[in-house]
Amino acid sequence: MKHFVYFFSIMYLFICLVQPASAQKKYFEDLPSECSPKKVGTILGQRFIHSKHMFGGRWIHYAEVCTWFGALRYANVVGDKKLIKQLQDRFDFLLTVEKSYQPIMNHVNRNMFGCLPLEFYRITKDKKYFELGMPYADTQWTLPEGATPEEKAWADKGLSWQTRLWIDDMFMITIVQAQAYHATGKRKYIDRAAKEMVVYLDELQRPNGLFYHAPDVPYFWARGNGWMAAGMAELLLSTPKDNPNRTRILEGYRLMMKSLKDYQSESGMWNQLVDKTDCWPETSGSAMFAYAMIMGVKKGWLDATEYGSVARKAWIALVPYINEDGDVEEVCVGTDKKNDLQFYYNRPRITGDYHGQAPMLWCTYALLCE
Numbered sequence: 002m003k004h005f006v007y008f009f010s011i012m013y014l015f016i017c018l019v020q021p022a023s024a025q026k027k028y029f030e031d032l033p034s035e036c037s038p039k040k041v042g043t044i045l046g047q048r049f050i051h052s053k054h055m056f057g058g059r060w061i062h063y064a065e066v067c068t069w070f071g072a073l074r075y076a077n078v079v080g081d082k083k084l085i086k087q088l089q090d091r092f093d094f095l096l097t098v099e100k101s102y103q104p105i106m107n108h109v110n111r112n113m114f115g116c117l118p119l120e121f122y123r124i125t126k127d128k129k130y131f132e133l134g135m136p137y138a139d140t141q142w143t144l145p146e147g148a149t150p151e152e153k154a155w156a157d158k159g160l161s162w163q164t165r166l167w168i169d170d171m172f173m174i175t176i177v178q179a180q181a182y183h184a185t186g187k188r189k190y191i192d193r194a195a196k197e198m199v200v201y202l203d204e205l206q207r208p209n210g211l212f213y214h215a216p217d218v219p220y221f222w223a224r225g226n227g228w229m230a231a232g233m234a235e236l237l238l239s240t241p242k243d244n245p246n247r248t249r250i251l252e253g254y255r256l257m258m259k260s261l262k263d264y265q266s267e268s269g270m271w272n273q274l275v276d277k278t279d280c281w282p283e284t285s286g287s288a289m290f291a292y293a294m295i296m297g298v299k300k301g302w303l304d305a306t307e308y309g310s311v312a313r314k315a316w317i318a319l320v321p322y323i324n325e326d327g328d329v330e331e332v333c334v335g336t337d338k339k340n341d342l343q344f345y346y347n348r349p350r351i352t353g354d355y356h357g358q359a360p361m362l363w364c365t366y367a368l369l370c371e
């Protein structure tokens, strides 16, 4: 009997270990040739190298940072040293002749810039990138002079003074704090990001698993929900299992993924307003959902049998939206919150915007990583 129990224990462990690898092969390796993540990653990576800067005010825009970050992750996972060097050369201009383009550290969308030099630091071990990136993570929790009463109230709770309760924040804050954790090994960075995420989950996630754009904007905008999905995926990738908030984040993530599975259209896409069937299919949100779901299947956060085909269908649906110039089409323009349903229906759609280029690159990384 003892040997019998031991045998089945070993078999169970074996199944748990091999399931992610077999799921990856079943759902993500046998893809149509035009959907090869290496092919797509190379197209989008090279497109970025030859693209112009995008500005938020006079500083590098967060959407460009996200695209740069995605291209760098892709290049690193496939070992494309030429592309890494091209991305590094482009970035190094920000240390010299383009130094004035470095974002100031006074807003959640600007502070997230720090994730990019910290990723360069992880790859190159060059301390100049560490020294550039870390202040962006630290100042998210350092209350500035002249802080408003609301900002002080958030800080008093141990949260970032940049807290707004907009769902976009849960990528902007979590990505730079996770990068700081990896760069330093100091738990305070990932622990405070996880605590922040739980506040957003409690305040913004609805019973159906989706998120309002903000407490006073009760609409399920796709890209906003995408920031949340990607942010939770990044935290689950980085947060140690003994963190007391990790279970809550995993719970919120799974609830969202279940809802997204139910709202996925027959085409494989998700709509500009996720729960509205008369809205148009939107690429940036769909790609963020795909990224979060692909990563969930590969890392075992989601059941591969239930979600592998959903994630695969999304990726295959997204690739045809890349045109012959390497630009992603049908991207919702930058969108501030507004309590007006028609506002979200009427948002213009553009081509080649970094909001769309970025998550497609994230997907190539997710499909190729271990």
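Numbering (our numbering), first residue to last: 2 to 371. Virtual Cβ for every residue (Gly too), placed ideally from N, Cα, C.
What does DSSP give as the partner residue(s) for residue i in the beta ladder?
i	result
Leu-274	Trp-222
Trp-60	Gly-57
Met-212	Contrary to the premise, residue 212 reads as Phe rather than Met in this sequence. According to DSSP, which records beta bridges pairwise, Phe-212 is partnered with Gln-206.
Pro-373	The shown model of the chain, from 2 to 371, leaves out residue 373, and the question about it has no answer.
Pro-104	Note: Pro-104 sits in no beta bridge, so no partner.
Ile-351	Val-332
Pro-282	Asn-272
Quick one: is residue i buried, meaning 16 or more other Cβ sit within 10 Å of its Cβ, or exposed?
i	result
Glu-371	exposed
Arg-59	exposed
Val-98	exposed
Pro-118	buried
Phe-56	exposed
Ser-34	exposed
Asp-31	exposed
Gly-232	buried
Ala-367	buried
Leu-45	buried
Glu-65	buried
Leu-18	Residue confidence is low: Leu-18 scores 49 on pLDDT, short of 50, so the model does not pin down where it sits. No coordinate-derived value is stated.
Arg-188	exposed
Glu-120	buried
Phe-92	buried
Pro-38	buried
Val-109	buried
Phe-15	Because the pLDDT at Phe-15 is just 46, under 50, the model does not fix this residue reliably, and the value given afterwards should be weighed accordingly. Phe-15 is exposed by the Cβ-count criterion.
Gln-343	exposed
Ser-268	exposed
Leu-274	buried
Lys-299	buried
Val-334	exposed
Ala-154	exposed
Ile-105	exposed
Indicate the three-state DSSP secondary structure (helix, strand or coil) for residue i in the structure shown.
i	result
Leu-368	helix
Ala-148	coil
Pro-118	helix
Pro-38	helix
Pro-245	coil
Pro-136	helix
Met-2	Caution is warranted here: a pLDDT of 47 is assigned to Met-2, below 50, making its placement in the model unreliable, and the coordinate value is therefore given only provisionally. Note: Met-2 maps to coil in three-state DSSP.
Ser-239	helix
Val-98	coil
Trp-142	coil
Ile-250	helix
Ile-168	coil
Leu-45	helix
Gln-265	coil
Trp-162	coil
Lys-126	coil
His-51	coil
Trp-69	helix
Trp-155	helix
Tyr-13	In this predicted model, Tyr-13 has a pLDDT of only 42, less than 50, meaning its place in the structure is not dependable; the value taken from the coordinates is given anyway. If DSSP states are grouped into helix, strand and coil, Tyr-13 belongs with the helices.
Trp-302	coil
Asp-81	coil
Rounded to whole angstroms, how far is the Cβ of residue i from the Cβ of residue j, which I believe are closer than 8 Å?
i	j	result
Gly-115	Gly-134	4 Å
Glu-331	Arg-348	Rounded, the Cβ-Cβ distance is 11 Å, inconsistent with contact.
Ala-293	Leu-236	Not a contact, Cβ separation roughly 11 Å.
Ala-291	Leu-319	6 Å
Pro-442	Ser-266	With the chain represented from 2 up to 371, any question about residue 442 goes unanswered, as that position is not in the structure.
Gly-42	Thr-365	4 Å
Ile-124	Ile-85	7 Å
Arg-255	Phe-29	Wrong, their Cβ atoms sit about 20 Å apart, outside the cutoff.
Ala-184	Tyr-122	6 Å
Trp-302	Cys-36	Actually they do not touch by this definition, with Cβ atoms about 23 Å apart.
Leu-166	Ala-215	6 Å
Val-78	Leu-362	The Cβ separation is near 11 Å, so there is no contact.
Gln-178	Ala-138	6 Å
Ile-174	Glu-151	That pair is no contact at about 16 Å.
Gly-227	Gly-286	4 Å
Inset, instruction - With a floor of 4 residues, list each alpha helix (DSSP H) that falls wholly inside the stretch 307-340, ordered by position along the chain. - result: Counting only runs of 4 or more, we get nothing.
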